[in-house]
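The structure appears right after this line, and notes come after that.
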Amino acid sequence: MSNPSVKVSNQSSGDIYLNGDPNWDDQKLLVNGQPIVPSGEKVSKGVEVVVSVEWGGNRSAHMIGMIISDSSNYDDGAAYQMTFGEDPEMGYMTRTETYDWGDPSITYRMKDRHPWEMTMEFKDKEKVVVE
Numbered sequence: 000m001s002n003p004s005v006k007v008s009n010q011s012s013g014d015i016y017l018n019g020d021p022n023w024d025d026q027k028l029l030v031n032g033q034p035i036v037p038s039g040e041k042v043s044k045g046v047e048v049v050v051s052v053e054w055g056g057n058r059s060a061h062m063i064g065m066i067i068s069d070s071s072n073y074d075d076g077a078a079y080q081m082t083f084g085e086d087p088e089m090g091y092m093t094r095t096e097t098y099d100w101g102d103p104s105i106t107y108r109m110k111d112r113h114p115w116e117m118t119m120e121f122k123d124k125e126k127v128v129v130e
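Residue numbers (numbering that gives the first Met the number 0): 0 to 130.
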């Protein structure tokens with residue numbers, strides 16, 4: 000058995016912040032193998048980190064719960080609340096659930112998906128100009 004992991008690559012022009020999902024209060028989220036700091040983990044622009052959990056079972060659709068935001072306090076800003084796990088049809092890691100609030104200044108794409116790991120690349124959201 001392996002531990003599920005999500006590589007978070009910050010390609011945006013600012014910092015992004017990672018937090019554990021409070022609905023998953025028994026989850027021990029790790030960033031680069033170390034417990035996430037209670038106030039959240041800052042990922043500076045141009046930096047990549049690996050988010051993981053210790054997993055003792057078979058793969059499932061609900062293995063990691065995480066909040067990714069463009070503010071150090073996601074309650075005051077905009078964020079993505081995501082669940083990561085196995086895609087039951089394809090057999091690789093993916094985002095299995097998402098809930099967004101506010102209008103995050105960042106967007107993302109999933110890539111390099113494998114059975115126990117994947118990459119999420121974050122970049123600036125393009126601004127729409129209405130004339």
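Glycine included, C-beta positions come from ideal geometry on N, C-alpha and C.
Every value quoted in this text rests on a predicted model; they were computed, and no experiment measured them.
Only residues of its own chain outside the window of five on either side were considered, and among them 6, 7, 8 and 9 have a CB closer than 8 Å to the CB of residue 47, listed in chain order. Around the Cβ of residue 18, a 10 Å sphere holds 16 or more other Cβ atoms; the residue is buried.
Around the beta carbon of residue 125, fewer than 16 other beta carbons sit within 10 angstroms, so the residue counts as exposed.
Judged by DSSP secondary structure, residue 98 falls within the beta strand (DSSP E) whose first and last residues are 92-100.
Judged by DSSP secondary structure, residue 107 falls within the beta strand (DSSP E) whose first and last residues are 105-110. Excluding five sequence positions before and after residue 37, none of the CB atoms of its chain fall closer than 6 Å to its own CB. By the neighbour-count criterion, in which 16 or more other beta carbons inside 10 Å mark a residue as buried, residue 45 falls on the exposed side. A Cβ-Cβ distance of about 6 Å is found for the pair residue 82 and residue 61, placing them in contact under the 8 Å criterion.
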